[in-house]
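Asker:
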């Protein structure tokens, strides 16, 4: 099993550009989520999904969109990037029975918005 | 407001020392508390605690939860330089699938 994979590992954008951060898991987990991690702020939940076709907002959803058309994939879209979105982004998944318990994290995407 | 507070925010010790990291929380309908270790990349799971007073142990690491006083501690004995990392505490709370909130983490540096 590859676990949770994320692409790209690094990305530099200009303000106003759009892009999609990819996340995939091969563990058949129903629950997937996106976090951003900023210095001194810990991990903050952006969006999450409890299953295919179902998504919901987390703590800091503004400026981000998600969709969940399959169990495996949970892409995060930035429609118009802003410097405030410079951060490290982590995707995570867990078994629905466990809910948030023991989440498995991807390796992260380091995004810089100029 | 639901919150998770970790202390200290950073800590420097020498190899062989024992350290105690703290995590306190204020949430509605507590469900579980999780500890993660984050080195250079993604967080990796250490412990999940749901019941008070039951110690979870893995090698030199151990953790316990006090649901009455609303806190957990993570102990690391005989620290090694490989223990240097950010230690994250997270709390699952609320109904249905629950919500998850992370503390800001404790950065532990172990000097040789």
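Chains as they are written, first to last, in this note's numbering: chain A, 19 to 132; chain B, -9 to 102.
From the three backbone atoms N, C-alpha and C, an ideal C-beta is built for every residue, glycine too.
Keep in mind that this is a model prediction, so the values were computed, not measured.
#1: Alpha carbon to alpha carbon, what distance is there between residue 129(A) and residue 29(A)?
#2: Quick check: residue 27(B) and residue 75(B), are their CB atoms within less than 7 Å of each other?
#3: Please list, in chain order, all residues of the same chain as residue 96(A) whose beta carbon is under 7 Å from its beta carbon, the five residues on each side excluded.
#4: Go through its chain and collect everything with a Cβ distance to residue 70(A)'s Cβ below 7 Å, but skip five positions before and after it.
#5: Could you round the C-beta distance between residue 48(A) and residue 63(A) to whole angstroms and report it? I think they count as a contact, below 8 Å.
#6: Please confirm whether residue 52(B) and residue 65(B) have their CB atoms less than 7 Å apart.
#7: In whole angstroms, what separates the C-alpha of residue 91(B) from that of residue 23(A)?
#8: Are residue -5(B) and residue 3(B) closer than 7 Å when you measure CB to CB?
#9: Under a three-way DSSP split, which group does residue 116(A) fall into?
#10: Quick one: what does DSSP say residue 103(A) is sitting in, helix, strand or coil?
#11: For residue 98(A), count neighbouring C-beta atoms within 10 Å of its own C-beta (all shown protein chains included) and say buried if the count is 16 or more, exposed if not.
#12: What are the boundary residues of the beta strand (DSSP E) that includes residue 55(A)?
#13: Are the CB atoms of residue 92(A) and residue 67(A) within a distance shorter than 7 Å?
#14: Could you give the residue range of the beta strand (DSSP E) that holds residue 16(B)?
Answerer: A quick look at the data gives this:
#1: 5 Å
#2: yes
#3: 36, 37, 81, 82, 103
#4: 86, 87, 88, 89
#5: Between residue 63(A) and residue 48(A) the Cβ distance is about 17 Å, and since that is not below 8 Å, they are no contact.
#6: yes
#7: 23 Å
#8: no
#9: The predicted model places residue 116(A) with a pLDDT of 48, which falls under 50 and marks its position as unreliable; any figure quoted below should be read in that light. It is helical.
#10: helix
#11: exposed
#12: 49 to 56
#13: yes
#14: 9 to 16
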